[in-house]
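Heads up, the sequence shown is in numbering that gives the first Met the number 0, so the first residue is 0 and it goes up one at a time.
For each residue, glycine too, the CB sits at the ideal point set by N, CA and C.
What you are looking at is a predicted structure, and each value in this text was computed from that prediction instead of being measured.
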Amino acid sequence: MPGKIILLSEELINKIAAGEVIERPASIVKELLENSLDAGATELSIVLERGGCGGIHLADNGAGLAPDDVPLAFFRHATSKIYQFDDLYQVRSYGFRGEALPSIASIARIEMRTRQGSALAGTKIVLQNGEVQETGETGCPPGTQLQVSQIFDNVPVRKKFLKSETTEQQLCLEMVSRLVLPHNNLRVRLEAGGRTLLSLPATRSLAERLSLLFDPEMARRMIPIDKTEGGVSLRGYITPPDHSRSNAKQIQFYVNNRFVRDHLLQHAVMTACRHLLPEKRYPAVFLFLDLPAGEVDVNVHPAKLEVRFRQPQDIYHLIVATLGVALGGLAVSPRDQALPSFRELKSPRADYETRVREALKRYTVSTGKEKPVFYPRPSGEIKGATPANEPPPLPFSAREESPLPDRIRFNELDYLGQHGGSYLIFSAPFGLVIMDQHAAHERVLFEELKRKSQAAHNDTTGQRLLIPEVISLSPEDFSFFVDIRDTLADLGLEAEPFGGDTVVVKTTPAFLKEKEPKRLLLDLLDDFPASHRQQTIEEKREKIMISLACRASVMARERLTEAEVADLCRILDATPNGYTCPHGRPVCVSFSSRDFQRLFKR
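Set out below in structure tokens:
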């Protein structure tokens, strides 16, 4: 029996509304920063306490608020951006709903000091849990200063869902980097824990901004995008096919300078690049769409991270065609390609969905014919691996009904050949065995790395570079690098800060000496999305070992000699957990004689 219908209290209404807008400290940073941009700020200072969980201080030199407007700014739906319904479809500003400040005030303590440039004195207001505690005149520089503290103290159920302080700080840093990218004239300083995470001067162009926020070499090599069609302007940059990434983190979209996440735009980029990049590699691309305000609806999501286009098909074709020309190669005209329906974009086609899911798992198998992993030796040793103690019996069969032995020795099977340069085929007394050469070697190297790291004297050797390589990292990647620096050194990858957000790599693991140091470090950092960077030291160490083993393993489509296959089988027989790779994928599958009889209807 449903209860009696009641009207919710104003306090509860405000907390529910806050939940739609303020999810975590990064949401507060986003809303305050967007207000500063709307106020015309050219200088911005942000200080995070305990990664943003303890407090957020933001100061700008924007227009400031008039004394009479200060209390009104904390009422829900109070705004200076829209006055009638039609204004919703002509919005050019970032904040316009009038929800940000009251939402923040309902779940935290907020203190604002603001002064317009022509005013003799500023105005101060303090709110706690949505209630005004103090207001009056104060001295302050032109612009606005906000101090947010006691975040989620009155909503403990929300507070316990926050990640670690390191992760929340990382998310705040990523949010700031995304929002300030289009604003060349904005000077930004972000501090946390007494350390400067980001110090960004004003720049003359978007290219300079990209160079400061990301890898300067990547920025130099990026291909410019500039196309106008039907009143829609598309500009930005994309990396060439030989400068790809192992995940899609650096595919970023801005619509009228507003950072958005959009299935249609993402699908269009992947369509333009699908014939030009290897499997599981992604471009770095920063696209800026400028179109009349009436052609895009930004009032779709409370946090304004999603938009809806009036003519989505035209936008899709513009991106595919422009990127295809810039990259030098669409086999057919983009107009000949059917535009997927919105339903398909929400749930992409199976092949595209699989690639994106794999990218999110940050599992990367780098390709390349030049990287030798096995080489024949008279002693029959395999590169990068040392036999360990005899393993326990291996559950080998993937088919419960197959009469397979409890334990099998790969080296005792009859090797028949290699299929597709990726799979090793063996004949066994009970049937047929097919082995994934990459997964098998990956398990061998991972167990060897783990054994060495657990030894009393870690003997993981590094190959010292003749010329140390200096690498520029994004601010968030540099911050994470500092956290895992010692773990990397223990595993043979020695690097250290080299000023600013750059690091210098001095040694790489000996078994990865053919791997380019820069690509190795960047891909390894890409394997850690923000959600994984709060893991324990041991979890991070294991993930790093898996990443290194993956990149050192023999690749798919790499031909092996019979001697190399014999070496792999011998070492795998002596390796614990030899039936799966470190990612949990099967090393082999088997078919019994009975399976073949069923296939041939016998």
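May I ask which residues mark the beginning and end of the alpha helix (DSSP H) holding residue i?
| i | result |
| --- | --- |
| L71 | D68 to L71 |
| K123 | Counting along the chain, K123 falls outside any alpha helix (DSSP H), though it belongs to the beta strand (DSSP E) covering G121 to Q127. |
| Y315 | P311 to L326 |
| M217 | P215 to R220 |
| F527 | Counting along the chain, F527 falls outside any alpha helix (DSSP H), and DSSP gives it neither H nor E. |
| C171 | E164 to V179 |
| R564 | Looking at the sequence shown, residue 564 is not Arg but Val. Start and end: E561 to D572. |
| P646 | Lying outside 0 to 601, the shown extent of the chain, residue 646 is not represented and no answer is given. |
| T41 | Where T41 is concerned, there is no enclosing alpha helix (DSSP H), given that its DSSP letter is neither H nor E. |
| T486 | P474 to D489 |
| A206 | L205 to L212 |
| D152 | Premise fails: D152 is in no alpha helix (DSSP H) and is neither H nor E. |
| L7 | Per DSSP, L7 belongs to no alpha helix (DSSP H) and is neither H nor E. |
| L547 | I536 to A551 |
Ignore the nearest five residues each way along the sequence and tell me which others in residue i's own chain have a CB closer than 7 angstroms to its CB.
| i | result |
| --- | --- |
| L338 | Low local confidence applies: a pLDDT of 37 at L338 is under 50, so the model's placement there is unreliable, with the coordinate-based value given in what follows. Q312 and Y315. |
| R23 | L161, E167 and L170 |
| T460 | G491 and A509 |
| R234 | I224, D225 and F287 |
| D413 | F425 and S426 |
| I21 | I27, S102, I103 and I106 |
| P66 | T122 |
| L304 | V259 and R260 |
| D289 | S232 and N255 |
| E441 | A548, C549, S552, C580 and P581 |
What span of residues does the beta strand (DSSP E) with residue i cover, start to end?
| i | result |
| --- | --- |
| D435 | G430 to D435 |
| S105 | No beta strand (DSSP E) holds S105; the alpha helix (DSSP H) holding it covers A99 to I106. |
| V284 | V284 to D289 |
Here's a check: name, in chain order, each residue in its chain whose Cβ is nearer than 8 angstroms to the Cβ of residue i, leaving out the five neighbours to either side.
| i | result |
| --- | --- |
| T165 | G50, D482, R532 and Q533 |
| M544 | F445, L448, K449, S452, L490 and P581 |
| P70 | I124, V131 and T134 |
| E495 | R484, V502, V503 and K505 |
| R203 | N183 |
| I250 | Q265, V268, Y281, P282, A283 and V284 |
Tell me, to the nearest whole angstrom, how far the beta carbon of residue i is from that of residue j; I am working on the premise that it is less than 8 angstroms.
| i | j | result |
| --- | --- | --- |
| C272 | L326 | 7 angstroms |
| D59 | A72 | Going by Cβ atoms, the distance from D59 to A72 rounds to 15 angstroms, so no, they are not a contact pair. |
| V295 | F308 | 6 angstroms |
| V586 | A438 | 5 angstroms |
| A201 | N184 | 5 angstroms |
| L199 | R186 | 7 angstroms |
| H515 | S176 | In the sequence under discussion, the amino acid at residue 515 is Glu, which differs from the His named in the question. Between S176 and E515 the Cβ distance is about 25 angstroms, and since that is not below 8 angstroms, they are no contact. |
Keeping to the same chain, check which residues put their C-beta closer than 6 angstroms to that of residue i; ignore five residues upstream and five downstream.
| i | result |
| --- | --- |
| R601 | none |
| F477 | D500 |
| I536 | none |
| R108 | Q127, S148 and Q149 |
| Q146 | H56 and E110 |
| R569 | N410 |
| V46 | H56 and E190 |
| R617 | Nothing can be reported for residue 617: it is not among the residues displayed for the chain, which extend from 0 to 601. |
| P181 | Y253 and N256 |
| S546 | L523 and D526 |
| K158 | F151 |
Can you check DSSP and say which residues form a bridge with residue i?
| i | result |
| --- | --- |
| T113 | T122 and T143 |
| A494 | V504 |
| P223 | Y236 |
| H440 | Its beta-bridge partners do not exist; DSSP assigns none. |
| T579 | P585 |
| D413 | S426 |
| E136 | T122 |
| V46 | H56 and E190 |
| L197 | L189 |
| R307 | D296 |
| S592 | Beta-bridge pairing links S592 to no other residue. |
| V20 | In DSSP, V20 forms no bridge with anything. |
| V231 | E228 |
| E130 | Q127 |
| H182 | H182 pairs with nothing; no bridge assigned. |
Does chain D have any CB closer than 8 angstroms to the CB of residue i?
| i | result |
| --- | --- |
| H582 | Checking the listed chains, one finds no chain D in this structure; it contains a single protein chain. |
>> Suppose only complete runs of 4+ residues qualify. What are the alpha helix (DSSP H) ranges in the region 238-275, listed by chain order?
In response: 262-272
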